[in-house]
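Only one structure is covered here, and it is reproduced in the block below.
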Amino acid sequence: MALEKGIYRAFEDIVGPDNISEEPAILDAYAWTGIVQKEKNSTPAARKQTGFQRFAVRCEAILLPGETKEVQSIVRLCNKRGLRFKAFSTGWIGGNIPSGPGAVQIDLRRMNRILEINEKNMYAVVEPYVIGAQLQAELMKVGLNCNITGGGSQTSALPIAAHWGTGHAAHSISNGERNLLALEWVSPEGDIVRTGSLGSIDEWFCGDGPGPSLRGIVRGSITPFGGMGVYTKAATKVYYWPGPSMFPVEGVSPRYKPAEIPPCFMIRYFSFPSMESRAEAMRQISESEIAFELMGFPIPMIASNMATSNQEEREIFARLTKEVRGPGFVVIITGSSQREFSYRTKVLKEIIEATDGTSLRAMEDPEIGGAQMWRFIRPTASIRETFRATGDHSGVFPGHNEFAPVVRLARDIAIVKKELQEKGLLLDDGAEAFPWTEEYGNLSHAEVLYRFSASPASFEGVRHLNEESVKLAVKERAGVPFFVTGDELHDVFGPVASNYHVWLRRIKKAFDPNGAADSASYITARDE
Amino acid sequence: MALEDYRRNMEMCCRCSCCKFIPLERLEGYRYAHVCPSVARYNFHAYSGGGRIGMGVGMLERRFEYSDTFLKVLYDCQMCGGCDVSCKYAMDMDVLDPINEMRIACVGSGRTLPVLDRLRDNLRKTGVMVGKRAGLSEWAAGLDVTEVSEKKAKVVYHAGCRARFDEEQWKVSRAALALLKRAGIDVGIAREELCCGGRAYEMGYREDFLTQAEKKMDQLRKSGAETLVTGCADCFHTLSVLYDRFAMKGDMEVLHITEYLNRLIKEGRIEPARKVEAKVVYHDPCHLGRLGEPYVPWEGKEIPGHIRLFDPPKELRRGTHGVYEPPREILRSIPGIKLVEMERRREYAWCCGAGGGVEESNPAFAAWTAKERMDEAISTGADALVTACSGCERSFRASAEKNGMPMKIFRR
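Chains as they are written, first to last, in the working numbering: chain W, -6 to 521; chain S, 41 to 452.
Dropping the structure here:
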């Protein structure tokens, strides 16, 4: 189905002829995703050809607005002409793809400015297509740093762009949802709403006032994937950066490494005899507030990040597996003075001794450790961990809660994963949970990484893992996991989580009566 | 290899967008974050490496017709390989090769750009893609240099079509020959120097490239060349990498002039004649840098499984071993020269804009790309920009002239 000529011309008038396309090849470039599509998102003919389909169903057109007013006009036109829209920033996650005919894709790529870096009040204002690496690089020049979502620093720096926006440095500088300050939002009906201080005094410093606080409206547990309108500008809280203005990286791709580890920086990987002792060490480190990063990477993820290829990864994985004693974590310690750094490393030493941790020798090597350090500060790791193996997205995301429940859930999901590994349906990489703490342990997050080949049997294994993960998450009351998107899963988790889904639907209905904001990866406003 | 042979490779693309930016670990600021001129200029995801990969799978599945718009997207790309490097610093997959196969598939199905067809026709008719008829070595007139059709030479200098037919560039080739002679090298040239054909390959005309390459190698074999030195980065890539890839080069050593001069400097056979007080910035040509790394043949198969491995292990071309240091070492050897760097350099340098047929099919896009690079060069505070490619030199000279940029352009 093509857009009616009149509608196409109206869109063209809004964004200009160079910024709209309904060319099939261009639509296919957008329909191509990093995940195997669910059957409902994939055309039968395409599935027949390839078995598993990475193309989602094409949308009607791609639109590239350059400013908020254009976004508003697009949204209003969609409401008027009965079309749906879905916006994305860098567009990685498959949930950003519109649900096919009757929908247009708003690609926010042209909205790519850093609008302000406010050193005094420690916030930055960005448009959606500023990536994390760009913002971080500019911030570091003035001694500041920002949270970057764990997906990687090629993703949007807009704090509301990704799921929860959690990442490698969340231990000390929190996540996107919590760092979100004032926001400019084009609502599903096309109103430009300015939240927090922006709504009353034209300042970006606060998300909740003076002015309207709509933090709980504009998103649910995770970001609505375009199901609640378009976020066009946002302020993010930024933090003190104790390191150099530019990390001293040298070498040629893919072997980048720092010429030296900056003063008052240290990275270590510790492994433990049990999950309990690792958890206790993480708890104590969090409580003492000594770490810059604290990530419970299982050893296959460390191997992925040290390796420059799959081949090398398998070799390093085999080598490191022999050295580690059990579950482990990466910790990065920094200090704004030698005295502070000495104090923190001394505390760490005592915690590790008390919890029977063992340092991984490879990470103590300045060259290897230094490379990992920068890779975890300027996150570029997740591609290697998840996609390099087979190209398919691979992880279960049990979500956010206190440390103990999410770790317990991730552990149980890992047991299911191990059964599938033993049947040869998933890559045998040790089957460990991957937890980390945020805000020095106030919040926690856990994931279970898996790698699979796109064979029917392997895919069935993944399907089984996902279904079992849902059952376990419901049973163990560990919060609403990240993977809960769409009506079907919300209807599973809502009844066991204060019937939040009823309220989410009411919000959706109130703010989007025409259902114009594509809800395929959010929740629809159907009546209960 | 054909596009179908890259299906599994293309299915590795996870649409992460790393192909749009320089390797993130090297990113120093907001302004010069992008590595792909095509998506930086035209914005639609389809213009990026990942977008092209998605379209490549679409081609295999016959999901769309090869429309004029599709061809525009496909050919508004300098084939610079920036996407390829940025992808492969984390992933195990090829990006540039399948994009080239997409062009070859279009040519095979008769869907091409007329402006590029004319260049191809020129190659068939005259033996060169650009400029006048292949021929006379006026550019070398007056130099005491061996003509290889008359006398064999162990070292043969290949000027390249642009350098031979653009009079403004003659002085560079003449200077190169003079330096070689000063070092005591018995260097030869071919009066009827044939085009290497590399540009035809990058435009998708594989068969024409192979035909031309056969002719070129025949000429080189007859010349007695053991070492071929070229002043053209495009030709260097073709003669060194592509000819190896298609098992044509044999044992002949192929060097870019910067490699050879640097070798001669290190051997003490030539040295800088005078001090030059200048702050200069060096631009890495794509075909000398990231695309210029030696070709390592590999034959084997992918091992089925949950992680993509090869038997025997396969080393992907990641731009790691391109020619980066020799030009810089030459510059550093000149007293008074202060060498500075751009943010985008070496394996993640921004393209000059001229490659992949873009100069001919979309000159405005080529000029836009060159201006981006000139802006970056000027931001370093350098007095002059030095490069090692005739195509880059032309692009930058034109950009500086058109935009009134106060920067000198040099090539070695």
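Yeah, the Cβ is synthetic: ideal placement off N, Cα and C, and Gly gets one too.
Using a Cβ-Cβ cut-off of 7 Å, I347 of chain S counts as an interface residue toward chain W, since at least one Cβ of chain W sits closer than that to its own. Taking 7 Å as the CB threshold, P63 of chain S lines the interface with chain W. Using beta-carbon distances, H85 of chain S counts as an interface residue toward chain W, with a partner under 7 Å. Straight through space, the alpha carbons of M133 of chain W and Y23 of chain W are spaced by roughly 33 Å.
At the C-beta level, C326 of chain S and C235 of chain S stay beyond 7 Å of one another. W234 of chain W and N114 of chain W have their C-alpha atoms roughly 15 Å apart. Identification of chain W residues near G91 of chain S by a Cβ-Cβ cut-off of 7 Å yields A22, ordered along the chain.
When the five nearest sequence neighbours on each side are left out, the beta carbons in the same chain lying within less than 7 Å of the beta carbon of S270 of chain W are those of T348, D349, in order along the chain. Taking V321 of chain S as the centre and dropping the five residues before and after it, the same chain places the C-beta of L379, V380, E381, M382, A417, T420, A422, A424, L425, V426 closer than 8 Å to its C-beta, in chain order. DSSP links R187 of chain W through a beta bridge to W:E177.
Classified as buried, T278 of chain S has 16 or more neighbouring CB atoms from the shown chains inside 10 Å of its CB. Counting the other CB atoms within 10 Å of its CB gives Q365 of chain W a total of 16 or more, which places it among the buried residues.
In this structure R413 of chain S is not in contact with E433 of chain S, their Cβ atoms being roughly 12 Å apart against a cut-off of 8 Å. W338 of chain S is classed as exposed because its beta carbon has fewer than 16 other beta carbons within 10 Å across all chains shown. Listed in chain order, the alpha helix (DSSP H) elements of length 4 or more contained wholly in the region 145 to 209 of chain S are 154 to 166, 201 to 205. Contact note: I376 of chain W reaches chain S through C54, C56, C58, A130, M131, using a C-beta cutoff of 8 Å and chain order. Just measuring C-alpha positions, the residue of S:H361, S:E44, S:G397, S:T109 sitting nearest L20 of chain W is S:T109. The alpha-carbon separation between F218 of chain W and G388 of chain W amounts to approximately 18 Å.
Judged by their CB atoms, Y87 of chain S and V79 of chain S are nearer to each other than the 7 Å cut-off. Using a CB distance cut-off of 7 Å, T142 of chain W does not count as an interface residue toward chain S.
Contact with chain W is found for M95 of chain S, since one of that chain's Cβ atoms lies less than 7 Å from the residue's Cβ. Boundaries for R81 of chain S: no beta strand (DSSP E) harbours it, while the alpha helix (DSSP H) harbouring it runs 77 to 82, taken from the DSSP string. Residues of chain S whose Cβ lies closer than 8 Å to the Cβ of L419 of chain W are, in chain order, H346.
The DSSP-derived three-state label of E365 of chain S is helix. The beta carbons of F265 of chain W and C54 of chain S sit no closer together than 7 Å. Contact with chain S is found for P247 of chain W, since one of that chain's Cβ atoms lies less than 7 Å from the residue's Cβ. R2 of chain W does not reach chain S, its nearest Cβ partner there being about 17 Å away, counting only Cβ pairs nearer than 8 Å.
A contact is defined here as three or more CB-CB pairs under 8 Å, and the region 140 to 148 of chain W meets this definition with respect to the region 76 to 89 of chain W. Any Cβ of chain W closer than 7 Å to the Cβ of T420 of chain S would place that residue at the interface, and such an atom is absent.
Taking C-beta atoms as the reference points, R92 of chain S and I139 of chain S count as a pair closer than 7 Å. Residue ranges of uninterrupted alpha helix (DSSP H) with 4 or more members, entirely inside the region 263 to 347 of chain W and ordered along the chain, are 268 to 281, 292 to 299, 303 to 316.
Scanning W:I406, W:L151, W:I283 for the CA closest to the CA of Y336 of chain W turns up W:I283.
Counting only residues of its own chain and dropping the five nearest sequence neighbours on each side, V323 of chain W has a CB closer than 6 Å to the CB of Y262, M288, F290. Between the region 189 to 196 of chain W and the region 441 to 448 of chain W there are fewer than three inter-stretch CB-CB distances shorter than 8 Å, so the stretches are not counted as touching.
A straight line joining the alpha-carbon of M294 of chain W with that of G434 of chain W spans about 22 Å.
The C-beta of L67 of chain S comes closer than 7 Å to at least one C-beta of chain W.
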